[in-house]
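Student: I have a structure I would like to understand better, so I am pasting it below and will then ask my questions one at a time.
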Amino acid sequence: MYDYGALQALVDYAGTMTDFEVQDAEVRLFTPYSAQDMADSFNKLGIGGINSTARYLQAFGEQSFFMTPWMMYMGSLGNGEFDFAGDMSALVQKTDNAYNPIQGGGSTPPDGAGGFVKFEGGNTLYNVYDAGNFMTGKAFQMIGAPLDVLKSGAELNSKYISRQGPDTTTDRNAYTNGYNYNRVGWKK
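Using the working numbering, you'd call the opening residue of the sequence shown number 478 and step up by one each time.
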């Protein structure tokens with residue numbers, strides 16, 4: 478599964494070059510992202526503290542039957558600390574997988590441009606935004622958010638906050654696959 482438009486843009490771009498130019502430009506199909514890199518990213522973010530806050534607010538809500546603080550915190554994470562699109566864009570640019578002639582430069586490429594990310598142990602290629610969704614799914618799983626809460630929140634965000642319309646199937650698959658990714662977890 479991958480973004481056909483982005484892949485076609487890469488093929489078209491590489492098709493304008495000689496074999497030597499493609500090799501010299503180091504055009505890559507994807508950037509690998511290891512489970513250790515993901516764990517390091519979450520640790521740098523302070524996922525342990527975020528988890529503690531989320532669990533406290535969830536317990537408070539369950540005791541008081543007032544879940545609004547927990548729900549607001551979940552929403553703030555999705556648009557803040559757990560928005561990984563910029564991180565994934567920086568990753569592919571750092572590894573010469575950015576296809577600058579395609580994306581036209583800038584720190585975050587248009588959706589569907591800018592290369593692909595492949596997570597360790599998987600065989601799916603994700604564009605930078607869907608790789609960010611994958612990371613978001615895993616981050617929410619790590620703090621104990623139920624998958625249905627993640628799906629509902631992502632849908633509400635897409636429709637009403639970012640005003641991009643409903644989540645696409647690719648978006649839903651990316652954060653669900655991230656949620657179910659089993660190569661990163663809490664150490665016992």
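Note that CB positions come from ideal geometry on N, CA and C, so glycine has one too.
With distances taken Cα to Cα, identify the nearest neighbour of residue 605 among 613, 616, 598, 593.
Tutor: 593
Student: Give me the Cα-Cα distance between residue 427 and residue 558, rounded to the nearest whole angstrom.
Tutor: The question about residue 427 has no answer, for the chain in this structure spans 478 to 665.
Student: Just how far apart, CA to CA, sit residue 570 and residue 507?
Tutor: Those two C-alpha atoms are separated by around 11 angstroms.
Student: Under the three-state reduction of DSSP, which class applies to residue 600: helix, strand or coil?
Tutor: coil
Student: For residue 648 and residue 538, I'd like the C-alpha separation in whole angstroms.
Tutor: The alpha-carbon separation between residue 648 and residue 538 amounts to approximately 29 angstroms.
Student: Measuring CA to CA, which of 631, 660, 638, 526 is closest to residue 646?
Tutor: 631
Student: Please classify residue 663: is it buried, with 16 or more other beta-carbons within 10 angstroms of its beta-carbon, or exposed?
Tutor: It counts as exposed.
Student: Could you give the DSSP three-state label for residue 623: helix, strand or coil?
Tutor: coil
Student: Can you pull the DSSP bridge partners for residue 593?
Tutor: 604
Student: Taking residue 614 and residue 651 to be in contact with their CB atoms under 8 angstroms, please state how far apart those CB atoms are, rounded to whole angstroms.
Tutor: Between residue 651 and residue 614 the Cβ distance is about 7 angstroms, and since that is below 8 angstroms, they are a contact.
Student: What span of residues does the alpha helix (DSSP H) with residue 550 cover, start to end?
Tutor: First-last of the alpha helix (DSSP H) with residue 550: 545-555.
Student: Report all residues from its chain with a CB closer than 7 angstroms to the CB of residue 627; omit the five preceding and five following residues, and keep chain order.
Tutor: Cβ-Cβ distances below 7 angstroms link residue 627 to 614, 617, 652, 656 in the same chain, with the five nearest sequence neighbours on each side left out; the list follows chain order.
Student: Residue 510 bridges to which residues according to DSSP?
Tutor: 596
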